[in-house]
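Participant: So that you can map any letter, position 104 of the sequence shown is 527 in our numbering, and since no number is skipped, the others follow by simple counting.
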Amino acid sequence: MHGADIRVDASVLELMGVRLEGLVPATILPLLLTMVFYLGPLVHSAMDNPDGFTGELKSAFDVRSWRLCVGDAVWIRNQVVAPVTEELVFRGAMLPMLVPCTGPTAAIFTAPLFFGVAHFHHIIEQRRLHKDSMRVILLVSGMQFLYTTVFGAFTAFIFMRTGHVVGPVLCHSFCNSQGLPDIGSALQHPQKSALLFSYVMGLLLFLVLLFPLTDPFFYGAVPVCSLAPPPAFVCQIL
Numbered sequence: 424m425h426g427a428d429i430r431v432d433a434s435v436l437e438l439m440g441v442r443l444e445g446l447v448p449a450t451i452l453p454l455l456l457t458m459v460f461y462l463g464p465l466v467h468s469a470m471d472n473p474d475g476f477t478g479e480l481k482s483a484f485d486v487r488s489w490r491l492c493v494g495d496a497v498w499i500r501n502q503v504v505a506p507v508t509e510e511l512v513f514r515g516a517m518l519p520m521l522v523p524c525t526g527p528t529a530a531i532f533t534a535p536l537f538f539g540v541a542h543f544h545h546i547i548e549q550r551r552l553h554k555d556s557m558r559v560i561l562l563v564s565g566m567q568f569l570y571t572t573v574f575g576a577f578t579a580f581i582f583m584r585t586g587h588v589v590g591p592v593l594c595h596s597f598c599n600s601q602g603l604p605d606i607g608s609a610l611q612h613p614q615k616s617a618l619l620f621s622y623v624m625g626l627l628l629f630l631v632l633l634f635p636l637t638d639p640f641f642y643g644a645v646p647v648c649s650l651a652p653p654p655a656f657v658c659q660i661l
C-alpha cells in the first residue's frame with residue numbers, strides 16, 4: 424500500500440476483515456447461507472439418524488461430544504487452525520492486495536486459484552505414503568483443486584460483501600465438518616425423491632439468498648472496498 428501510494432481511512436486489521444462494526448450479522452448470516460446450501464446433506468444425515476432431526480440437534484449440542492472434539496488435535500486442525508489461518512492469508516491478506524490491481528470482482532476469482540494450488544502439497548504426501556498410483560493421486564488432487572477453488576471464490580465473495588473475515592472462517596469450518604455433498608449416496612437412498620428435493624431446494628434457496636444475506640447494509644461500510652477502482656459492482660448495496 425505504501426509502495427503504490429494507496430491511502431485509506433482504515434487500519435490494516437480493518438482491511439483484513441478484523442473489525443467490530445457489523446460483527447454479529449457477519450457471524451450469523453454467512454454461516455446460515457452456507458447451511459442453506461447444505462440443506463440436502465443435513466436432511467440426509469437426519470434421515471439416517473435413528474432419532475431423526477431430534478437426534479441431530481442433541482448431537483450438535485452435546486457437551487460431552489464437544490469436549491472430545493476439543494481434545495482431538497486433528498479436529499482442532501481441521502475445524503479451527505486451518506479455517507482461521509487460511510482465511511486470514513487467502514482472504515484477509517490477499518484480497519486487499521489484489522483489489523487495487525484487479526478490482527473486487529476479478530479478485531474474487533483470482534485469489535482462489537492460489538488457494539487451490541496451495542493444496543497441491545497433498546500430491547507429495549500421497550506419493551510418500553505409496554497408497555495410490557500417480558494417475559489416481561493427480562485425479563484426486565485435480566478434483567480437490569476444483570472444489571477448493573470454487574469454495575475459495577465463495578468465501579472471497581463473502582469477504583468482499585461483508586468486510587469481515589469471521590464469516591469466511593465459520594463457513595470454512597462448517598464445510599470442513601460436512602465434506603463434499605454425497606450425491607451418489609442420495610441417489611441410492613430409500614427416500615431418494617425427498618432427498619433429491621432437499622438438495623435442489625438447498626441450491627435454489629442459496630442462489631436466491633446469496634445477495635440479500637450478504638448485503639453490505641447489514642455490515643456497514645466495507646473497508647476493503649475503499650481500495651477498489653470504480654465501478655465496484657460487488658461492493659455495491661443491491
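All C-beta atoms, glycine included, are put in the ideal place defined by N, C-alpha and C.
Can you grab the Cα-Cα spacing for the pair Val503 / Gln601, in whole Å?
Facilitator: The straight-line gap from Cα to Cα measures roughly 14 angstroms.
Participant: Could you compute how far the alpha carbon of Ser567 sits from the alpha carbon of Val441?
Facilitator: The sequence shown places Gln at residue 567, not Ser. Gln567 and Val441: Cα-Cα distance of roughly 29 angstroms.
Participant: Drop a sphere of 10 angstroms on the beta-carbon of Ile606, count the other beta-carbons inside from all chains shown, and report buried for 16 or more, exposed for fewer.
Facilitator: It counts as exposed.
Participant: With a Cβ-Cβ cutoff of 8 angstroms, do Ile531 and Phe580 count as a contact?
Facilitator: Contact flag set, yes.
Participant: Classify Leu661: buried if its beta carbon has 16 or more other beta carbons within 10 angstroms, exposed otherwise.
Facilitator: Legend: pLDDT at Leu661 = 41, less than 50; position of this residue unreliable, value from coordinates given subsequently. Looking at its Cβ environment, which holds fewer than 16 other Cβ atoms inside 10 Å, Leu661 is exposed.
Participant: Would you call the region 508 to 523 and the region 552 to 570 touching, i.e. three or more CB-CB distances under 8 angstroms?
Facilitator: With a cut-off of 8 angstroms, the region 552 to 570 and the region 508 to 523 do not count as touching, because too few Cβ pairs lie within range.
Participant: So Asp471 is in the alpha helix (DSSP H); what residue range does that whole segment cover?
Facilitator: Looking at the DSSP string, the run of the alpha helix (DSSP H) that includes Asp471 is Leu462 to Asp471.
Participant: So, with DSSP's three-state summary, where would you put Gln549?
Facilitator: Note: Gln549 maps to helix in three-state DSSP.
Participant: If we call anything under 8 angstroms between Cβ atoms a contact, is Pro506 one with Thr637?
Facilitator: No, the pair does not count as a contact, with Cβ atoms beyond the cut-off.
Participant: If I'm right that Thr457 touches Val589 with Cβ under 8 angstroms, what's the distance once you round it to whole angstroms?
Facilitator: That pair is no contact at about 13 angstroms.
Participant: Select from Phe538, Thr528, Leu618 and Pro646 the residue whose C-alpha is nearest the C-alpha of Leu436.
Facilitator: Leu436 has its Cα closest to that of Pro646, out of Phe538, Thr528, Leu618 and Pro646.
Participant: Can you check which of these residues, Leu650, Ala644 and Cys648, is closest to Gly445 by C-alpha distance?
Facilitator: The candidate whose alpha carbon is nearest that of Gly445 is Ala644.
Participant: Leaving out five residues before and five after Phe560 in sequence, what residues of the same chain have Cβ atoms less than 7 angstroms from its Cβ?
Facilitator: In the sequence on display, residue 560 carries Ile and not Phe. Taken in chain order, the residues that qualify are Ile546, Gln549 and Arg550.
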